[in-house]
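In the numbering used here, each residue carries its 1-based index in the sequence shown increased by 21.
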Amino acid sequence: MTGFWDKHRLLAKQLKKIIDLLKPQNKVRVRYQEEGEELDLDVAIRALIEHRSGATPDPRINFSHRHDGRNIAVSVLLDLSASLDEIPEGCQQSKLSLSQEAVSLLGWAMAQMGDKFAIGGFHSNTRHDVRYYHIKGYNEDWDTPVKARLSAMEAGYSTRMGAAIRHAGHYLAHQKADKRILLILTDGEPADIDSKDPRTLIEDARMAVRGLRQDGIHPYCITLDPKAGDYVGDIFGKHYTVIDHVARLPEQLTRLFMALTR
Numbered sequence: 022m023t024g025f026w027d028k029h030r031l032l033a034k035q036l037k038k039i040i041d042l043l044k045p046q047n048k049v050r051v052r053y054q055e056e057g058e059e060l061d062l063d064v065a066i067r068a069l070i071e072h073r074s075g076a077t078p079d080p081r082i083n084f085s086h087r088h089d090g091r092n093i094a095v096s097v098l099l100d101l102s103a104s105l106d107e108i109p110e111g112c113q114q115s116k117l118s119l120s121q122e123a124v125s126l127l128g129w130a131m132a133q134m135g136d137k138f139a140i141g142g143f144h145s146n147t148r149h150d151v152r153y154y155h156i157k158g159y160n161e162d163w164d165t166p167v168k169a170r171l172s173a174m175e176a177g178y179s180t181r182m183g184a185a186i187r188h189a190g191h192y193l194a195h196q197k198a199d200k201r202i203l204l205i206l207t208d209g210e211p212a213d214i215d216s217k218d219p220r221t222l223i224e225d226a227r228m229a230v231r232g233l234r235q236d237g238i239h240p241y242c243i244t245l246d247p248k249a250g251d252y253v254g255d256i257f258g259k260h261y262t263v264i265d266h267v268a269r270l271p272e273q274l275t276r277l278f279m280a281l282t283r
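Okay, structure coming up:
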């Protein structure tokens, strides 16, 4: 993604203004922590006095901070099927290249806002070979190794979406957050070479989405497929967006995320 920031400098400047409005401004001190950011002097002195008097001191002598007002965990799931190598009409880049730029810009924005997020990619080659690629974990920083993994992703094979949704949702369900969102970025309907009936994998994806909602997770699909109206509503209900102008994906993905998390 050579020249990424030169290309998106103006957009990043515009988004930064929105980020500053969305970013939590108030820090709340959380006291009585066994492990924390700093020593809580009042509590520590009290514990020392208790120790010298022969009593068992309270070990919770530290404090930490949390931002008040925004507690979000996000999983970004990137379709890596073979069709991502196609260059859409009117574009100079492949759908994969545009998706990588879009996820990179989104990752920067989420890191700026302090959101907890993970990124993964997927494709499949029959039900026995569904591949999930780790790009970023929830506890990893948005740094050079993560960006390198994103840039190294290649397109291939098919789109068995339901299995990938369940896998990403499993880890997202374990994140402590007020709101948990699974963003699926794809360019087509669920499909695989060993599935003769296209409705089979659509139904499988629908059931995967239903299971996530029962776990308190909010799945949302961003699709580049102009024919998505034939099936995407069956999977995600009203929780999807069709990107009409694929070249604008980097801008639209990040703006959409901000709208979803206001």
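Virtual Cβ for every residue (Gly too), placed ideally from N, Cα, C. These figures come from a predicted structure and were not determined experimentally.
Between L193 and S104, the CB-CB gap reaches or exceeds 7 Å. Around the CB of W129, 16 or more other CB atoms lie within 10 Å, so the residue is classed as buried. Look at the beta carbons and you see the stretch 198-212 touching the stretch 175-182: at least three pairs across the two are nearer than 8 Å. Here K28 is exposed: its Cβ has fewer than 16 other Cβ atoms, across all protein chains shown, within 10 Å. Pairwise C-beta distances place the stretch 139-146 out of contact with the stretch 108-119, as fewer than three of them are shorter than 8 Å. Per DSSP, T244 is one residue of the beta strand (DSSP E) stretching across 238-244. Spanning the alpha carbons of L270 and L98 requires a straight line of approximately 15 Å.
One alpha carbon belongs to V64, the other to G75, and they sit about 17 Å apart.
With distances taken between CA atoms, R148 lies nearest to L222 out of G237, K34, L222. In the DSSP assignment, S145 falls within the beta strand (DSSP E) that extends over 137-145.
Apart from the 5 residues on each side of it in sequence, A123 sits with its Cβ closer than 6 Å to the Cβ of L270, P271, L274 in its chain, given in chain order.
Under the three-state reduction of DSSP, K38 is assigned to helix. Taking C-beta atoms under 8 Å as the contact rule, T244 and V263 qualify, at a distance of about 6 Å. As computed with DSSP, E59 is found in a beta bridge with F84. Burial check for G158: the Cβ neighbour count within 10 Å stays below 16, so the residue is exposed. Annotated three-state conformation of T262 is strand, per DSSP.
Rounded to the nearest angstrom, the gap between the Cα atoms of A249 and D61 is 55 Å. Secondary structure note for I93: its beta strand (DSSP E) is the uninterrupted segment 93-100.
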